[in-house]
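Take a look at the structure below.
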Amino acid sequence: MKNLSRYNLIVISIISLSVILPWIYWLSFEKPIPKPFVMYSCVDDCFMIRGSENGKSYRMNEHGEMFTREEFEQKLPLLNIRQLMISRTLPDSIKGVEMDPHVVNKARSFYRYKPSTKNAPKPGLYPMFESESGRAKLEMPEDFFRINSRMEFIDADRNKINEAKTALFTGALQHFGFKFPAKMIEGIPTTRKSCDEGYFVVDNADQVFHVKMEQGQPYVQQVEIPKGLIFKHIGCVDFRNKLFYCYLIGHDHNIYIITQDDYYLKRLPVDEFNPENQQLRIYSDLFNYNVIALAEDFMKVTVLDDNMEKVDVFYKSWKKRSERPEGKVFSYLFPLQLNLVDENNAFINFYFHLTKGFNWIILHIVLLGSHFLIIRKRKAKLKNHIVDFGIVLVSGLFGFLAVNIFPNKLND
Amino acid sequence: MLKSMIYKEWLKIRWFLIGAAILGLFIIAYMFMNVQRSITFQGANAVWYNILFLNKMIFGIMKYVPLLIGIGIGVAQYFPETVNKRIKLTFHLPLFENRALMMMLSVGMICLLLTYLLHFMVFWMLSNYYFAHEITVASLITITPWFLSGLAAYFLVGLIVLEPVWKYRILYAFAAAMFVPLYLKSGMIGAYGPINIPLALLTVLISVSLLFSAYRFRKGEM
Amino acid sequence: MNNVIECNNLTHYYGQKLVYENLNIHVKEGSILGLLGKNGAGKTTTINILNGFLQPRSGECLIYGENTQKLPPETKGRIGFLIEGHIQYAFMDIHQIEKFYSGFYPNWNNEPYWELMSKLKVTPSQKISTMSCGQRSQVALGLILAQDPDLLILDDFSMGLDPGYRRLFIDYLRAYAKSENKTIFTTSHIISDMERLIDDVLIMDYNRVLAQCPVHEFMQNFKQFNFTLLNGGVDLSKEKFVSNLEKVNNEVELYTYESEEFVKKFLDDNGVEMKDFKKIDMNLEDAFIGLTGKY
């Protein structure tokens, strides 16, 4: 029993140390990875890049031409329209389109997706706004809905189900062939938006429905999607130009949109976006969509025109943290790192990151030798400490500290 | 013998345990009085909305309460055993030493679990009264590791207090200070879902910790 | 008669410091053994080994034939243990502590306990921690008597007791042990107490045993002679027969197991000139100091 209790203590110490020591290491030695800002210029029809290298910032285009700050801003007039207006350098028109700030702003949008948006605890309850209240402002409803075996509305004040409303909406969904329960419910659950478009709901058969409430009545519309297509994430948007309801990310690693009113599912001509470990940023303006996929070690910017046809692609990669000098040193110190949080996941869990290669073996052998000397100094029998030697060899610094915090003097 | 052992442990921890149970109930009552007040002033839908979408933890004040109760009961139970090395008396009882220790540990652990269970159930009932089960379940998932942290701290206090050598007491305290925060990482409401079971298993692992330092005591480490 | 306690070739170190080497102790059933030694000579170490609170570097201790490192519950039940300083669960009162211990011992007999308690002027709900040393000693003793063990191990039972209490404790204990055929292993730093109590004596010095025999035998054989040297330069302390020698100016106190005749003859034979030779009567304390030295 005493040996069992000791090994248990060693296990929890190794776990704690493999969280804390690497954390302290990165806290002390991690350097920022300069990820450049890249956007397509509607003036020059090429990519503009702003970044920094060795502590010096630069502005250039994809051909390596360097620019001053003012020149750079003039290459991206739609992004910097306010600045150009102040400095009176905004051209009257670009590509034959008059530079009216209202028009420019209406076409501008920004969408951002992180894997931790998808991999997160979901509320399960959502407010169903009145889409056609006739009021200028949206109001927070008194009830919240869930979709399990039916679409239930729960009155918050009484914490009771509103059976009439539940029956009304459940009936409407059933009418459209909705298969309960819902797998995904995505909308914009806030009153701070220009108007309400309800929710996009994926049912148990992976069908996609648009559900909202108009004057107290359910509005349901099924979206036609190709057979076999399953969505991993739906990101609803509230853009001024009202061209589409949402961005969707499929299992097939494609990005789609659903157009407003006619529910047409359109695939964006962007290759391979992995929603599990890449971030997505989509900037749109009057002429282009800049679809930026950002991974740990590369970025890929796909530029689409206003019809969402592919124009150009920019790709830039850099060294991962583990391949940089501080990562190399790390690989000589620790065989693994344990995290409770993960950049790509909002859940708290044990995330193991094994160190690539076997550089750490050198330190492990040194520590093994040190432990050998400690045991020898105690004049203990080596054969009673074989398990400890194994622990030190496998877990290195973590195990070495652990077996000496809880020394095996009992079995000397 | 078990009855006598329960009696002794109960004498040591009873006042602290009863105080802690009442304190916990007061804190839970206070939290839900706040909920009631917010509902009265802002409306229930706003309170629900804040929890569901703005990640507002109405029960955040509870975070360190189980931890403090666990440490307190551990100290109340094991500290009197180390004054003048009274643990020798326990080892001299006509029982196998580990059995005597396990009895002590079980009594303390069961008292602690019952206190936690009381708090957990009261929280559950009140939450169920005010909120839909989605909110209640996410809340319970969030507070579970806090209760586990108290249990883990209780086990580690036993280890630390019974250790005969000061140097190692301090080292154990370091190890405990590294381990217990794993239970208390902040996250979204409900984010602890995947890790609760691994954390519970680790808690089970350290439940017998005190056997280690007690054995060192018995073998005359100093 | 059987040996209740048998320690064979005990050797122990604290770190690099030797406590003792190859110590052998035997305690017969029904006898009372006193372990005497100066502070730090290893008394508490021995008690700790006997109770299984310390693992000796080598050698073993047996009580009723069981290794003290792994005493089974039945054997532990036959041993009454008084911890140095009469340590008990001080957070209990006298009723609570009686209730607690009674659950462990099948032969629990609370009569002697309550008899002793009735003589204490304590309130029923008074915690042991608020009692005086003397009162605590009575509680600890009462509990041991109620346990009715076959072997009593008493570690420095006289600590903190008034002379009256000590006398009471000793007389009560000896009468009890002799009438019930109990075995006692005890230590005390107040040697004069022991004389009234013990049958056998074991005297320890730093890392060795100086004497181990029945106490009357020791008192008979161990002698003190005082004399005044006429020639100050003589050094007798290295002589084999001399157990200890204290010399202040030319006044000599010589301790030996040899007879008066032997000593006189030795002095004569070796041409040591002296005067005022006399044999001194000693009590146990004198003998202990004589054997172990004043320092």
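Chains as they are written, first to last, in our numbering: chain E, 100 to 511; chain F, 19 to 240; chain X, 1236 to 1530. Beta carbons are placed, not taken as given, at the ideal position from N, Cα and C, and that holds for glycine.
| said: Assuming the contact rule is C-beta atoms closer than 8 angstroms, leucine 435/E and leucine 453/E should be a hit. Round their C-beta distance to whole Å, please. | reply: 5 angstroms
| field | Sequence-distant residues of its chain with Cβ nearer than 7 angstroms to leucine 189/E (five each side left out) | value | Pro176, Ile180, Leu183 and Met198
| DSSP three-state call for isoleucine 23/F: helix, strand or coil? | Reading the sequence as shown, one finds methionine at residue 23/F and not isoleucine. The answer is helix: DSSP assigns methionine 23/F an H, G or I state.
| Pick from Ile490/E, Lys341/E and Lys399/E that is closest to valine 369/E, judged by C-alpha positions | Lys399/E
| the region 85-107 of chain F: positions lying closer than 8 angstroms to chain E by Cβ | none
| request: Pick helix, strand or coil for leucine 267/E, following the three-state DSSP scheme. | output: helix
| Using a Cβ cut-off of 7 angstroms, which residues of the region 1410-1434 of chain X contact any Cβ in chain F, in chain order? | none
| field | Collapsed DSSP secondary structure at glutamine 1331/X in the structure displayed | value | helix
| Interface residues of chain F facing methionine 1327/X [CB-CB closer than 9 angstroms] | Lys26 and Leu29
| message | Assuming contact is defined by CB atoms lying nearer than 8 angstroms, are lysine 455/E and serine 421/E in contact in what I supplied? | response | yes
| request: Could you name the residues of the region 202-221 of chain F whose beta carbon sits closer than 8 angstroms to any beta carbon of chain E, in the order they occur along the chain? | output: Lys203, Gly205, Met206, Ile207, Gly208, Ala209, Tyr210, Gly211, Pro212, Ile213, Pro216 and Leu220
| query | In the DSSP assignment, what residue or residues form a beta bridge with serine 383/E? | reply | Ser208/E and Tyr388/E
| request: Compare the Cα-Cα distances from isoleucine 213/F to each of Lys106/F, Leu180/F, Glu239/F and Trp164/F and report the closest residue. | output: Trp164/F
| request: Look at glutamine 1459/X and tyrosine 1490/X and say whether their C-beta atoms are less than 8 angstroms apart. | output: yes
| said: Assuming arginine 117/F is part of the alpha helix (DSSP H), what are its boundary residues? | reply: 115-148
| request: Quick one: using the 10 Å Cβ neighbour count with 16 as the cut-off for buried, is methionine 49/F buried or exposed? | output: buried
| field | serine 248/E - DSSP class collapsed to helix/strand/coil | value | coil
| Does the beta-carbon of leucine 219/F have 16 or more other beta-carbons within 10 angstroms, so that it is buried, or is it exposed? | exposed
| Supposed close pair isoleucine 31/F, glycine 126/F - CB separation, criterion 8 angstroms | 7 angstroms
| said: To be precise: take each residue of the region 316-342 of chain E, compare its Cβ to all Cβ atoms of chain F, and keep it if any distance is under 8 angstroms. Which residues remain? | reply: none
| message | Would you say lysine 101/E lies against chain F (beta-carbon separation less than 8 angstroms)? | response | yes
| request: Name the two residues that bound the continuous beta strand (DSSP E) containing glycine 1320/X. | output: Where glycine 1320/X is concerned, there is no enclosing beta strand (DSSP E), given that its DSSP letter is neither H nor E.
| request: Buried or exposed for isoleucine 485/E, please, with buried defined as at least 16 other CB atoms from any protein chain shown within 10 angstroms of its CB. | output: exposed
| Neighbourhood of alanine 1446/X by C-beta, 8 angstroms cutoff - its chain only, sequence neighbours within 5 removed | Val1436, Leu1437, Ile1438, Phe1453, Phe1457 and Leu1526
| message | Under 8 angstroms, Cβ to Cβ, is there at least one residue of chain X near histidine 110/F? | response | yes
| Cut-off 8 angstroms between Cβ atoms - residues of its own chain near tyrosine 124/E, not counting five sequence neighbours on either side | Phe429, Leu432 and Phe433
| request: Could you tell me whether the Cβ of tryptophan 66/F comes closer than 8 angstroms to any Cβ of chain A? | output: Looking for chain A here will not work: the only protein chains present are E, F and X.
| request: Compute the Euclidean distance between the alpha carbons of methionine 133/F and methionine 122/F, then round it to the nearest angstrom. | output: The amino acid occupying residue 133/F in the given sequence is threonine; methionine does not appear at that position. If you take the alpha carbons of threonine 133/F and methionine 122/F, they lie about 17 angstroms apart.
| Contacting positions in the region 179-190 of chain F - beta carbon closer than 8 angstroms to chain X | none
| Does the region 113-129 of chain E come close enough to the region 491-505 of chain E to have 3 or more Cβ pairs within less than 8 angstroms? | yes
| message | Using only the alpha-carbon positions, how far apart do threonine 401/E and glycine 88/F sit? | response | 56 angstroms
| query | What are the complete alpha helix (DSSP H) segments, minimum 4 residues, inside the region 1483-1509 of chain X? | reply | 1495-1504
| query | Hey, how far is the Cα of histidine 352/E from the Cα of asparagine 373/E? | reply | 6 angstroms
| Do three or more CB pairs link the region 261-270 of chain E to the region 331-351 of chain E at distances below 8 angstroms? | no
| task | Verify the CB distance criterion: does glutamine 1290/X have a CB-CB separation below 8 angstroms to chain F? | result | yes
| request: Mark phenylalanine 51/E as exposed unless 16 or more other C-beta atoms lie within 10 angstroms of its C-beta, in which case mark it buried. | output: An answer regarding residue 51/E cannot be provided, because it is not within the stretch 100 to 511 covered by chain E.
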